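The letter at position 10 of the first sequence is residue 67 when you use the working numbering, and the numbering goes up by one with no holes.
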Amino acid sequence: MSRFKKLPCSFYLRPTLTVAKELLGKYLVRKLGGKLLVGKIVEVEAYLGQKDPASHAYRGKTKRNEVMFWKGGHLYVYFTYGMHFCANVVTREKGVSEAVLIRAVEPIEGIEIMRENREFTRDDWDYWNLANGPAKLCEAFGIQREQNGIDLLGDEIFIASGGTVPKSLIGSSTRIGIKSATDKRWRFFVEGNKFVSRKRSS
DNA sequence: TAGTTGATCGTCT
DNA sequence: GACGATCAACTAA
């Protein structure tokens, strides 16, 4: 799959807000059972560790958020609400607990596999609904607890270069589902893209 | 169509 | 013992 070129480690070592914006338009690639799942990233949120009251790492390192302190280029997967997983890309150098939450992707390849993973049965659910939310994305891509701490420079899961979204098309807003730090507009998404979460269908 | 709530459990206080 | 970086179903208007 030379079409999908893995991003180098250096991509993840830059400032988190920069990485967050540049992740838009890139491809999330997941190898699962010999099949390839690919989605274009259209929505992310930045979590700036100790500077950010909404971050898991705000109060310091714990067993749960340990991966956020690792070197950029790892995957931090956490379990929440008793039933959901969310995937983050760890950024910056080792010891800095910053990460980017991947909130939504546009399915590109392996759509049938994603359908199976999400157990789609209803015909009126179209594919734009497969991964337009952090927990749905993880379900569709088969990302669970075992993928916590995985190396994004490996072959199982990685981010591949793709189009870069022009600044004029990057929208920002407050982050979703959190109650603190609502003055930080660290959610970024592709303006007008129908695969972004929290958009009503019509 | 907008607002509210139940499901469900690992992690932290 | 309480709550959460969520989702989807349900209720009211």
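Each residue gets a CB set at the ideal place from its N, CA and C atoms; glycine is no exception.
As the structure is a computational prediction, the values presented were derived from the model and not from experiment.
Classification of residue i by the beta-carbon crowding that lies within 10 angstroms, buried from 16 upward
i             : result
serine 259    : Note that serine 259 has pLDDT 29, beneath the 50 cutoff, so the model's placement of it is unreliable and no number is given.
aspartate 212 : exposed
arginine 232  : buried
arginine 87   : buried
leucine 226   : exposed
threonine 148 : buried
glycine 249   : exposed
arginine 242  : exposed
tyrosine 138  : exposed
aspartate 240 : exposed
glycine 268   : Summary: the structure shown does not reach residue 268, with the chain confined to residues 58 through 259, and so no result is reported for it.
lysine 83     : buried
Rounded Cβ spacing between residue i and residue j (contact assumed at less than 8 Å)
i           : j          : result
leucine 187 : valine 101 : The Cβ separation is near 17 Å, so there is no contact.
Which residues DSSP lists as bridging residue i, in chain order
i         : result
lysine 63 : Ala217
### Query
Between the region 136-154 and the region 184-196, do three or more beta carbon pairs fall short of 8 Å?
yes
#### Entry: Segments of 3+ residues assigned as beta strand (DSSP E) that fall wholly inside the region 125-178
132-137, 141-148, 155-166
### Message
Report the start-end ranges of each beta strand (DSSP E) in the region 67-115 that is 3 residues or longer and not cut off at the edges.
### Response
84-89, 92-104
### Query
Three or more C-beta pairs closer than 8 Å, one from the region 169-177 and one from the region 77-85: is that the case here?
no
### Every unbroken beta strand (DSSP E) inside the region 188-247 [3 residues or more]
214-217, 227-230, 244-247
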